[in-house]
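Trainee: Quick one: the structure is below, questions incoming.
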Amino acid sequence: MRMFFFKWSRKLHKWLGIYVAILTLVWVVELVLLPYMYSTQEGQADVVQMEQGAAMQVRPIQFEELYQRIDSGVYGAFGSDVEISYLPLERKYIVRDRESFAVCEISAESGVPLARQIDTNTLFAEKSGLAWASEGLSTVIKAPFEVSFIVLSISGVYLIVFPYLPRRQTLGQGLLSLAPGDCFRFMGTREQKDMARMAALGLLPGVRATIMRNPRRGALVVSARNTRIAVARNIATSFLFEKVVA
Amino acid sequence: MSKLAQKIDAAAEHAAVEYEAVAAPRPASCSSEPFVVAVAGQPNTGKSTVFNRLTGLRQRVGNWPGKTVDRKEGYVAHAERSCLLVDLPGTYGLTANSLEEEISRDYLLSDAPDAILAVVNAASLERSMYLVAELLALDLPVVIALNMMDVAEQEGRSIKPEALAAAVGVPVLPMVGTAPDQSMQGLVQALLSLDKHQVDSRNNPETTEVVHSVAHQLNEDSPFPKPLLWTAGKIVEKDRALMSRLESSLDPRGIRCLNSCMEGVPESAAMEVYKARQNWIDEVCHDVVQMEEGHSSPTDKWDKVLLHFVWGRMIAFLVIPIGCLLGVILGMCTGGMALMGSLAAGPYIKAFWPGIMGSLVANALVPAVGWVLALLSIIGFIYAIFHFLEDTGYLARVAYLMDPLLSRLGVDGKSAIPLLMGFLCNTVAIAGSRVVNTRRQRFITLCMLPFLPCSGQTGVAFLFAFALFSPGTATLVILGITGVNIAFACLMAFGLNRRLPRTQTSGLVMELPLYHKPNFRTILSGVRTRLEIFTRSTAGFIFAALILVWAASYFPDGNIESSYLYMVGKYLEPLGSLVGFDWRFVVALISSFVAKEVTAGTLAVLFSVSSSNHEAIVHAIRSAISPQGALAFIVISNLYLPCVATIVALRSELGTWRDTLALLLGILIVALATALASYHVSALFL
């Protein structure tokens with residue numbers, strides 16, 4: 003059971019980690035690119051038009067008048083889905099266009115537009131995670147994100163605790179216990195079938211060999227008699243050998 | 143001529159003169175029966191190079207009876223004597239661990255060869271001598287070709303051929319097989335003047351007491367392979383392949399004899415046999431090999447980079463696709479032109495030669511010639527690049543780097559080579575799957591290959607995706623579909639790995655050969671062999687399939703809209719309507735059975751526009767299919783049954799029609815289900 007949890011924790015940690023990493027990477031790229039994608043030529047023209055229109059009518063304005071001005075295009079083009087809010091302390095209106103992700107600040111005292119920029123918060127909330135390409139795809143991609151964090155935290159804790167859990171005596175590691183550069187004298191293999199293959203490749207009983215590579219995953223590379231032999235890890239564990247000083 | 147080559151030639155001439163002096167006339171070479179020499183050697187010893195140098199163009203290529211492994215034969219003649227050389231597949235020893243090794247062993251044990259030419263790698267002499275130790279037990283005269291002397295020098299090893307000849311008691315001819323100025327005269331003379339009494343005087347490895355006692359128990363008259371001393375040695379070694387063969391071929395008396403022999407063999411007896419061979423190798427190589435002090439091997443230096451955990455993988459992931467791409471580009475630039483020419487010639491032929499024969503020539507025979515030329519050139523260039531990488535010793539490194547990834551799917555790193563080739567051409571990849579050692583791994587690799595999109599399928603996907611969708615969506619579609627293809631291939635491998643019974647070989651054991659300069663003559667010879675085999679096995683099917691499709695689209699009255707193909711398309715249209723396309727797309731899919739690249743051309747014919755005018759095809763198709771249907775069409779064309787050539791190759795490699803048809807049915811079901819799913823799911827996005 004202990005190994006079962008360990009194995010699954012590693013798998014989950016790996017694959018969910020990859021998923022989270024890829025999604026994070028996508029988000030980072032979008033963080034840079036999305037504002038450029040939604041800052042159009044029309045937006046620039048709107049700013050110019052807005053400044054020219056508002057400069058002629060410097061006086062306090064009410065909500066209805068603001069609405070009429072927006073409708074008539076004094077502050078530039080806005081879509082049909084517009085949200086207007088009033089900040090009483092700062093005495094200014096905030097106009098958000100949910101279609102073009104533009105946000106415009108207008109002084110309530112003078113009716114002069116203060117700024118017009120991209121509404122990055124709304125833009126990222128609605129268009130990140132590939133939603134700019136396809137809403138459905140984005141929903142599918144983002145759905146397991148929160149759950150992944152919970153699973154990652156649980157499996158991560160188990161992976162931290164695992165080395166400190168009491169363990170049973172393990173079988174010999176065979177060649178895996180040697181480091182690159184270590185020399186050994188080959189004595190045979192536990193499995194007869196492997197011995198025939200090794201002998202044909204020149205690993206006969208008594209032959210001196212050197213470990214060339216012992217990666218964390220994948221086959222080892224052993225050099226014997228000027229021949230490099232890749233040996234799978236499961237076969238390397240069944241080697242019988244004597245370690246010799248180089 | 144280099145100093146090394148001069149030295150080697152002098153030694154070879156000396157050896158040849160010496161053996162000519164003691165030679166007895168060969169009755170076999172003078173009689174009607176040819177004197178047969180088996181060319182045996184471990185892989186990466188330059189065996190094929192030596193064989194090619196000896197036989198030149200006097201070669202015959204075929205298959206071993208009942209197998210799909212290449213068999214090469216060639217004659218060599220000198221001073222009115224001649225002998226037949228048979229190039230055996232590379233084998234490390236006479237304990238068969240792969241199909242190739244089994245063939246080599248069976249041939250050597252048969253009565254066919256009169257002598258053996260053992261090609262030995264001078265750079266790894268002690269390892270290569272293991273096979274010689276086994277060959278000496280076969281009671282056949284042996285000549286040793288001590289090849290790759292230049293690589294031995296590069297590795298800091300000085301080899302004394304005379305000392306080796308004296309120690310073993312057989313002729314030893316040093317050589318650099320790849321050197322253009324290397325003379326083969328000495329080797330030819332040594333072969334043609336072989337002394338058949340050599341067997342009694344040479345220094346064979348010591349036979350252990352247990353082997354002797356087992357050999358005494360074996361019955362001379364029973365069908366135990368001869369020589370019995372060799373068979374006894376293998377019984378002591380518990381050679382599983384030989385055991386299972388003996389159990390199936392022996393009568394009850396023979397099996398009782400075998401069982402009684404095995405009962406008397408102690409557990410440690412096999413190790414004694416190996417130790418005896420090891421002692422013999424130490425004895426014969428003791429005064430032969432001299433190591434240069436402090437010399438570091440260039441192979442180790444290269445491996446520091448090329449086997450590096452990060453850089454090695456990055457280089458492999460760059461080199462292989464670039465190599466494949468280069469092969470395809472070169473192939474398309476040559477054979478592709480022939481194909482374009484043959485397709486463009488169609489209307490002119492029909493105008494010049496109206497009627498049924500003109501139609502047959504224009505629509506079937508000339509395009510078939512174009513297709514065969516195109517495939518030959520693509521396959522030829524790809525093989526040339528892969529042979530080049532193999533000859534340098536790098537391809538084995540790629541297999542090693544891929545092993546951790548592939549071992550989870552039940553195959554080892556050697557399967558990486560055919561799998562990578564599968565993205566170019568499934569047919570070539572299936573033939574290339576012979577490099578995989580075990581039958582189980584080979585079966586899994588073969589079942590994965592039809593799921594991988596070949597260059598033809600990818601081309602069709604690109605054409606349709608970019609024509610029917612915006613560039614962003616098209617890129618997503620192509621990446622997504624390629625991902626789905628790879629996922630299905632992995633799922634197939636994963637499932638088979640779970641279901642198939644485990645075999646005795648359970649992991650990668652592979653030699654990583656020394657790096658050396660490639661030999662272009664060997665590469666060209668290998669490519670020529672491949673092309674010959676492809677022409678014989680597949681070209682005829684391409685002709686037959688194109689004629690069949692033409693006949694179905696021509697008869698009964700020469701009009702495609704009343705042809706049998708139209709009827710088949712109409713009959714299957716309800717199936718197509720499930721995924722949103724009409725009979726023309728169904729017919730295009732059926733015609734892609736010949737070759738995947740045909741799809742666009744067929745649609746051009748069916749939409750009555752010029753096949754060279756892509757814009758016209760695209761415009762016509764856009765008006766006939768919805769985006770969901772287009773996606774489903776791309777999906778199904780990428781996953782649907784492979785082309786005829788691939789099916790033929792698959793049948794020949796899998797060995798039975800039952801397995802082949804089961805696999806094809808599975809692929810068809812998966813393709814239809816995936817297309818159906820993509821058609822309905824894509825309605826949410828497109």
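Here the protein sequences come in this chain order: X and F. If you read the first sequence in the numbering used here, its first letter stands for residue 3, the second for the next number, and so on. If you read the second sequence in the numbering used here, its first letter stands for residue 143, the second for the next number, and so on. Glycine included, each C-beta is placed from N, C-alpha and C at the ideal position.
Against Arg199(X), what residues of chain F qualify as contacts under a CB-to-CB distance less than 7 Å, listed in chain order?
Mentor: Near Arg199(X) (Cβ distances below 7 Å), the residues of chain F are Asn239 and Val651.
Trainee: Taking Cβ-Cβ distances shorter than 8 Å, what residues in chain X pair up with Gly477(F)?
Mentor: The premise fails here: Gly477(F) is roughly 36 Å from chain X at the closest Cβ pair, so nothing lies under 8 Å.
Trainee: Could you tell me whether the Cβ atoms of Ser501(F) and Lys492(F) are closer together than 8 Å?
Mentor: The answer is yes: Cβ separation under 8 Å.
Trainee: Please state whether the Cβ-Cβ distance between His588(F) and Leu288(F) is less than 8 Å.
Mentor: In the sequence on display, residue 588(F) carries Leu and not His. Their beta carbons are not under 8 Å apart, which means Leu588(F) does not touch Leu288(F) by this criterion.
Trainee: Does Lys195(X) have its Cβ less than 8 Å from a Cβ in chain F?
Mentor: Taking Cβ atoms only, chain F reaches closer than 8 Å to Lys195(X), which makes this a yes.
Trainee: Taking contact to mean 3 or more Cβ pairs, one atom from each stretch, closer than 8 Å, check whether the stretch 653-665 of chain F and the stretch 594-603 of chain F are in contact.
Mentor: Verdict: no, contact absent.
Trainee: Would Asn345(F) and Val293(F) be called neighbours here (beta carbons separated by less than 8 Å)?
Mentor: Against a cut-off of 8 Å, the Cβ pair of Val293(F) and Asn345(F) comes out as no contact.
Trainee: How about the stretch 270-287 of chain F and the stretch 297-312 of chain F: do they share at least three Cβ pairs that are nearer than 8 Å?
Mentor: Because the criterion of three Cβ pairs below 8 Å is met, the stretch 270-287 of chain F and the stretch 297-312 of chain F touch.
Trainee: Quick check on the burial criterion: 16 or more other C-beta atoms within 10 angstroms. Buried or exposed for Phe65(X)?
Mentor: It is exposed - the Cβ of Phe65(X) has fewer than 16 other Cβ atoms within 10 Å.
Trainee: With a 10 Å radius around its C-beta and 16 neighbouring C-beta atoms as the bar for buried, classify Leu27(X) as buried or exposed.
Mentor: Leu27(X) comes out exposed.
Trainee: Which value, in whole angstroms, describes the spacing of the CA atoms of Ala357(F) and Val415(F)?
Mentor: Ala357(F) and Val415(F): Cα-Cα distance of roughly 14 Å.
Trainee: According to DSSP, is Cys225(F) helix, strand or coil?
Mentor: DSSP places Cys225(F) in strand when its eight states are reduced to three.
Trainee: Spell out a yes or no on whether the stretch 618-627 of chain F and the stretch 182-197 of chain X are touching, meaning 3 or more CB-CB pairs, one atom from each, closer than 8 Å.
Mentor: In short, these stretches do not touch, since the Cβ pair count stays below three.
Trainee: Could you give the distance in angstroms between the alpha-carbon of Arg168(F) and the alpha-carbon of Val426(F)?
Mentor: Residue placement at Arg168(F) cannot be trusted, given a pLDDT of 43 that sits under 50; the coordinates are not used to answer.
Trainee: Might you give, ordered along the chain, the residues of its own chain that have their beta carbon closer than 6 Å to the beta carbon of Arg672(F), omitting 5 neighbours on each side?
Mentor: Contacts found: Tyr525.
Trainee: Per DSSP, what are the beta-bridge partners of Tyr95(X) in this structure?
Mentor: Beta-bridge pairing links Tyr95(X) to Tyr88(X) and Ile108(X).
Trainee: Which ranges does the alpha helix (DSSP H) cover as unbroken runs of at least 4 residues, wholly within the stretch 558-643 of chain F, from first to last along the chain?
Mentor: With a minimum length of 4 residues, the continuous alpha helix (DSSP H) runs that stay inside the stretch 558-643 of chain F are 558-564, 568-574, 581-590, 597-610 and 613-641.
Trainee: In the DSSP assignment, find the alpha helix (DSSP H) that holds Cys399(F) and state where it starts and stops.
Mentor: Start and end: Pro394 to Glu405.
Trainee: Examine chain X for any beta-carbon lying closer than 8 Å to the beta-carbon of Asp337(F), and answer yes or no.
Mentor: No, its Cβ sits nowhere closer than 8 Å to a Cβ of chain X.
Trainee: Can a CB atom of chain X be found closer than 8 Å to the CB of Asp380(F)?
Mentor: First, the residue type needs correcting, since residue 380(F) is Lys and not Asp in the sequence shown. Yes, its Cβ sits closer than 8 Å to a Cβ of chain X.
Trainee: Quick one: grab the DSSP three-state call for Met317(F).
Mentor: Three-state DSSP puts Met317(F) in coil, outside helix and strand.
Trainee: Terminal residues of the continuous beta strand (DSSP E) containing Ala257(F)?
Mentor: Counting along the chain, the beta strand (DSSP E) containing Ala257(F) begins and ends at Ala257 to Asn263.
Trainee: So Lys417(F) contacts chain X; which residues on that side make the cut at Cβ distance below 8 Å?
Mentor: Neighbours of Lys417(F) on chain X, chain order: Leu206, Pro207 and Gly208.
Trainee: In chain order, what residues of the stretch 267-281 of chain F put their CB closer than 7 Å to some CB of chain X?
Mentor: Under the 7 Å Cβ criterion, the stretch 267-281 of chain F contributes Glu268, Arg269 and Tyr272.
Trainee: Could you pull the start and end residues of the beta strand (DSSP E) that Cys1(X) belongs to?
Mentor: With chain X represented from 3 up to 248, any question about residue 1(X) goes unanswered, as that position is not in the structure.
Trainee: Span of the alpha helix (DSSP H) holding Met291(F)?
Mentor: Residues Met291 to Gln296.
Trainee: Any beta carbon of chain X sitting closer than 8 Å to that of Gly188(F)?
Mentor: Gly188(F) does not count as touching chain X.
Trainee: Taking three-plus beta-carbon pairs below 8 Å as touching, is the stretch 691-705 of chain F in contact with the stretch 560-575 of chain F?
Mentor: Contact between the stretch 691-705 of chain F and the stretch 560-575 of chain F is absent, because fewer than three Cβ pairs lie under 8 Å.
Trainee: Closer than 9 Å, Cβ to any Cβ of chain F: which residues of the stretch 220-234 of chain X, in chain order?
Mentor: Within the stretch 220-234 of chain X, the residues whose Cβ lies closer than 9 Å to some Cβ of chain F are Gly220, Ala221, Val223, Ser225, Ala226, Arg227, Asn228, Thr229, Arg230, Ile231, Ala232, Val233 and Ala234, listed in chain order.
Trainee: Among Ile457(F), Ala480(F), Asp424(F) and Ser820(F), which has the Cα closest to the Cα of Val209(X)?
Mentor: Of the candidates Ile457(F), Ala480(F), Asp424(F) and Ser820(F), the one whose C-alpha sits nearest the C-alpha of Val209(X) is Asp424(F).
Trainee: Tell me whether Glu244(X) sits in a helix, a strand or coil according to DSSP, three-state version.
Mentor: In the structure shown, Glu244(X) sits in a strand (DSSP, three-state: E or B).
Trainee: Out of Leu781(F), Gln583(F) and Arg576(F), which has the shortest C-alpha to C-alpha gap to Ser549(F)?
Mentor: If we check each option's Cα against that of Ser549(F), Gln583(F) comes out closest.
Trainee: What's the gap between the Cα of Leu33(X) and the Cα of Leu132(X)?
Mentor: Using only the alpha carbons, I get a separation of about 12 Å.
Trainee: Return helix, strand or coil for Lys214(F), following the three-state DSSP convention.
Mentor: Residue state, collapsed to three classes: strand.
Trainee: Am I right that Met634(F) and Phe683(F) are in contact with their C-beta atoms under 8 Å? What's the rounded C-beta distance?
Mentor: Contact doesn't hold; Cβ gap of about 25 Å is too wide.
Trainee: How long is the line joining the alpha carbons of Thr187(F) and Met290(F), rounded to whole angstroms?
Mentor: Rounded to the nearest angstrom, the two C-alpha atoms are 7 Å apart.
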